[in-house]
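Protein sequences appear in the order of chains A and B. Counted the way my numbering counts, the first sequence spans residues 335 to 482. Counted the way my numbering counts, the second sequence spans residues 335 to 482. The beta-carbon is built from N, C-alpha and C at its ideal position, and this holds for glycine as well. As the structure is a computational prediction, the values presented were derived from the model and not from experiment. Scroll down for the structure; my scribbles are underneath it.
Number of protein chains: 2
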Amino acid sequence: MVDDVKSPAELTDLFRAQGLKVTPQRQAIFRILHESEVHPSAEAVHAEVTRELPMVSLRTVYQTLNDLAAMGELVQLDLGTGAARFDPTLTPHHHLVCDGCGRVTDLEVDFPDVSVPATLHRGFTVSSTQIVFRGRCDACAAAVPVHP
Amino acid sequence: MVDDVKSPAELTDLFRAQGLKVTPQRQAIFRILHESEVHPSAEAVHAEVTRELPMVSLRTVYQTLNDLAAMGELVQLDLGTGAARFDPTLTPHHHLVCDGCGRVTDLEVDFPDVSVPATLHRGFTVSSTQIVFRGRCDACAAAVPVHP
DNA sequence: CGTTCATCAACAACGATTGCTAACAAGCAA
DNA sequence: TTGCTTGTTAGCAATCGTTGTTGATGAACG
């Protein structure tokens, strides 16, 4: 099974263990991330949060997402789509990015042959490998058959 | 040999062929790109240009870089290092990105096995594949041996 | 030469993100 | 419960990279 973001209860425990407080705002963010099937931007998470807690500021959402990313419970992606995306799927995987609508799709495939040749890495220590396939999803390809 | 950005003379011809005018500012940018061994940001190109033409605005640099990228004479990279990088190497290749200093290094290696499995692409049309290896270059690894 | 249109510099505006700070609330203990 | 301590929040300003706007300049082409 896929290693998703932890449950709200687990994240609550983790936050408390780090001496961080668990506020209603944070609980709402935990729940939204846990239920999310996509790669939401901070803005998108904020839009969801304010449906139940209308006073939550975007600032708070950023803070909590950054905390989660720093704890390794979330992966922050910068795919050149304008805003950073927060990926609740922790299993190493890759991404399809649509140049039309910006949609990001997971690709749960391992490419075991992809590594930096020893003759070329020149002291570079690789900590992660990201593969991004850019193109157009079916919907966008249909919408713009010829020119952009 | 590597397919680098065209010479200033060739770029001049290309601009004129497109009905774009070739100003001293643009010629300076052409020359700087052609001599560049790295992946300069717009800011870095601007810093170089103003050494010979102190009046050139950052706006003009962006405009020319965008024109070149639109013509396919330059590849614009967004690697999450803050600013966009402009890559004068046109041959398909991949990148090593140092999380410490942000340095971007080319990796002239082809990974023929990297493609989206037919069973998973679900209508997605891939137009380009980017592989980014993140980690630390030798200098940054030496500077920060343990914690960041 | 003169017309015309792209370009220039300067500044404002923009979107995404972060810094700042006073008011506030979570967690803990008594 | 009550109170204390400390981290958190909301709101706004500021920052960064980038682009829009504009009046003036200047190149290209006839």
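Check                                                                                                                  : Outcome
Spatial distance of A:Thr346 from A:Glu382 (CA atoms)                                                                  : 19 Å
Contact under 7 Å by Cβ, B:Val395 with B:Ala378                                                                        : no
8 Å CB neighbourhood of B:Ala418 in its chain, flanking five on each side removed                                      : Ser375, Ala376, Gln410, Leu411 and Asp412
Cβ contact check for the region 414-430 of chain B and the region 362-374 of chain B: 3 or more pairs under 8 Å        : yes
Chain B contacts made by the region 455-470 of chain A, where a contact means CB separation under 9 Å                  : His455, Arg456, Gly457, Phe458, Thr459, Val460, Ser461, Ser462, Thr463, Gln464, Ile465, Val466, Phe467, Arg468, Gly469 and Arg470
Start-end ranges of the beta strand (DSSP E) lying completely within the region 345-428 of chain B, minimum 3 residues : 409-411 and 419-421
Among B:Val443, B:Leu354 and B:Ser370, the one whose alpha carbon lies nearest that of A:Pro451                        : B:Val443
Bridge partner(s) assigned by DSSP for B:Ser461                                                                        : Paired residue(s): none; B:Ser461 is not in a bridge.
CB contact below 7 Å: B:Phe445 versus chain A                                                                          : yes
Interface residues of chain B facing A:Val372 [CB-CB closer than 7 Å]                                                  : Correct list: empty, because the minimum Cβ distance to chain B is about 15 Å.
Nearest-angstrom beta carbon gap, B:Val339 and B:His380 [assumed within contact, 8 Å]                                  : At roughly 17 Å, the Cβ-Cβ gap does not stay under 8 Å, so B:His380 and B:Val339 are not in contact.
Cβ pair B:Ile363, B:Thr415 closer than 7 Å                                                                             : no
Spatial distance of A:Met389 from A:Gln361 (CA atoms)                                                                  : 14 Å
CA nearest to the CA of B:Val431, picked from A:Leu354, A:Ser462, A:Leu392 and A:Asp433                                : A:Ser462
Buried or exposed (CB count within 10 angstroms, at least 16 for buried), B:Leu408                                     : buried
Proximity below 7 Å, CB of B:Leu402 to CB of B:Gln359                                                                  : no
Proximity of A:Val438 and A:His429 at Cβ, strictly below 7 Å                                                           : yes
Member of B:His455, B:Cys474 and B:Met405 whose CA lies at the smallest distance from the CA of B:Gln352               : B:Met405
Per-residue DSSP class, three states only, for A:Asp440                                                                : strand
Candidates A:Phe445, A:Gly457, A:Ala476 and A:Ser391: closest to B:Cys485 by CA position                               : Absent from the structure is residue 485 of chain B, since the part of chain B shown begins at 335 and ends at 482.
Residue closest to B:Gly434, alpha-carbon to alpha-carbon, out of A:Val460, A:Pro342 and A:Arg468                      : A:Val460
Member of A:Leu392, A:Leu454 and A:Gly436 whose CA lies at the smallest distance from the CA of A:Leu472               : Inspection of the sequence shows that residue 472 of chain A is occupied by Asp rather than by Leu. If we check each option's Cα against that of A:Asp472, A:Gly436 comes out closest.
Assigned secondary structure, A:Cys432 (DSSP; H/G/I helix, E/B strand, else coil)                                      : strand
Top-ranked residue by Cα proximity to A:Leu441, from A:Phe467, A:Leu392, A:Pro342 and A:Arg350                         : A:Phe467
Classification of B:Ser449 by the beta-carbon crowding that lies within 10 angstroms, buried from 16 upward            : exposed
Length of the line joining the Cα atoms of A:Ile486 and A:His455                                                       : Only positions 335 to 482 of chain A appear in the structure, and residue 486 of chain A is not among them; the question remains open.
Chain A contact for B:Asp338 (CB, 7 Å cutoff)                                                                          : no
Buried versus exposed call for A:Pro342 [16 or more other C-beta atoms within 10 Å across all chains shown]            : buried
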